[in-house]
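Heads up, the sequence shown is in our numbering, so the first residue is 45 and it goes up one at a time. First up is the structure itself, then whatever we jot down about it.
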Amino acid sequence: MDKKVLKWNTRYQQYAEPVAPCQVLEDYAYLLPASGIALDLACGFAANAFFMAARGLHVDALDISPVAIAAVNQRAQQLPVTGIVRDIEAKGLLQKQYQVIVVSYFLNRALIPEILACLAPSGLLFYQTWTREKVSAQGPGNPEYLLCRGELLVFCQEMQVLHYHEEGAVGDISKGLRNQACIIARKV
45 MDKKVLKWNT RYQQYAEPVA PCQVLEDYAY LLPASGIALD LACGFAANAF
95 FMAARGLHVD ALDISPVAIA AVNQRAQQLP VTGIVRDIEA KGLLQKQYQV
145 IVVSYFLNRA LIPEILACLA PSGLLFYQTW TREKVSAQGP GNPEYLLCRG
195 ELLVFCQEMQ VLHYHEEGAV GDISKGLRNQ ACIIARKV
């Protein structure tokens with residue numbers, strides 16, 4: 045078995061399924077379209093996918109872990125969520141156009157152009173992940189998986205930015221969304 049698959053299978057076997065979607069999706073759910081096709085990329089237990097499905101979207105939930113995807117498909121039952129085992133770093137994304145793409149706590153810079161290409165015209169990208177400017181040890185230690193300051197804005201420079209948030213270490217670091225950045229951008 046591939047080392048990456050083994051790593052993520054082991055992690056998902058140790059943890060219970062999350063109950064909440066990423067904060068940027070939950071806080072700005074009112075921006076979601078009433079219908080359409082969405083993608084929850086590197087979904088894990090697919091909290092984002094189930095959140096969007098409950099709001100009328102049909103969701104593809106992709107992850108490298110067969111353990112996570114088995115749990116997603118078992119939970120989906122009558123909901124419009126399709127869990128798909130896929131190593132997106134090796135095989136890329138599905139060749140589809142999505143009205144919404146959500147990426148949370150996953151970063152592979154080489155995939156950014158493909159992610160943006162999979163957005164339909166006027167499609168929305170919700171992206172939230174870890175940053176290099178940390179106020180605690182939360183998140184990965186490897187800088188390859190951490191955003192530089194303002195990097196999400198660079199990724200989305202050809203898009204209409206609807207929301208951007210990155211607090212870094214400014215002010216009272218015991219409050220707010222720290223160690224993370226998030227963006228909502230619309231493909232124009």
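Backbone N, C-alpha and C fix where the C-beta goes; we use that ideal spot for every residue, glycine too.
#### Entry: C-beta atoms of N186 and V146 nearer than 7 Å
One thing to note: N186 has its Cβ no nearer than 7 Å to the Cβ of V146.
#### Entry: DSSP-derived helix/strand/coil call for L160
Here L160 sits in helix by DSSP.
### Query
So who's on the other strand from Y171, going by DSSP bridges?
The partner list for Y171 (beta bridge, DSSP) reads V147, I227.
### Query
Hey, out of D46, Q67, Q204, K51, whose CA is closest to W174's CA?
Ranking D46, Q67, Q204, K51 by CA distance to the CA of W174 puts Q67 first.
### Query
Which one or two residues does DSSP pair with Y142 in a beta bridge?
For Y142, which the question treats as bridged, DSSP gives the partners L163.
### Close beta carbons around G183, own chain, < 6 Å, minus the five adjacent residues each side
Taken in chain order, the residues that qualify are W174, N223.
### Query
Between the C-alpha atoms of Q65 and K135, what's the straight-line distance to the nearest angstrom?
The amino acid at residue 65 is misidentified as Gln; the sequence shows Pro. The straight-line gap from Cα to Cα measures roughly 26 Å.
### Query
Can you tell which of L123, A86, A213 has its C-alpha closest to the C-alpha of Q172?
Nearest option by C-alpha distance: A86.
### Task
Drop a sphere of 10 angstroms on the beta-carbon of K231, count the other beta-carbons inside from all chains shown, and report buried for 16 or more, exposed for fewer.
Buried.
### Task
Look at the alpha carbon of L168 and the alpha carbon of I156, and state the distance between them as a whole number of angstroms.
Going from the Cα of L168 to the Cα of I156 covers about 14 Å.
### Query
Looking at C-alpha atoms only, which residue of G88, D104, L75 is the closest neighbour of I81?
From the listed residues G88, D104, L75, the smallest Cα separation to I81 is found for D104.
### Task
Could you check what DSSP says for I113 in three-state terms: helix, strand or coil?
DSSP places I113 in helix when its eight states are reduced to three.
### Message
Quick check on DSSP: helix, strand or coil for D71?
### Response
Three-state result, D71: helix.
### Task
May I ask you to report which of helix, strand or coil DSSP gives Q57?
In this structure, DSSP gives Q57 a helical state, which the three-state scheme calls helix.
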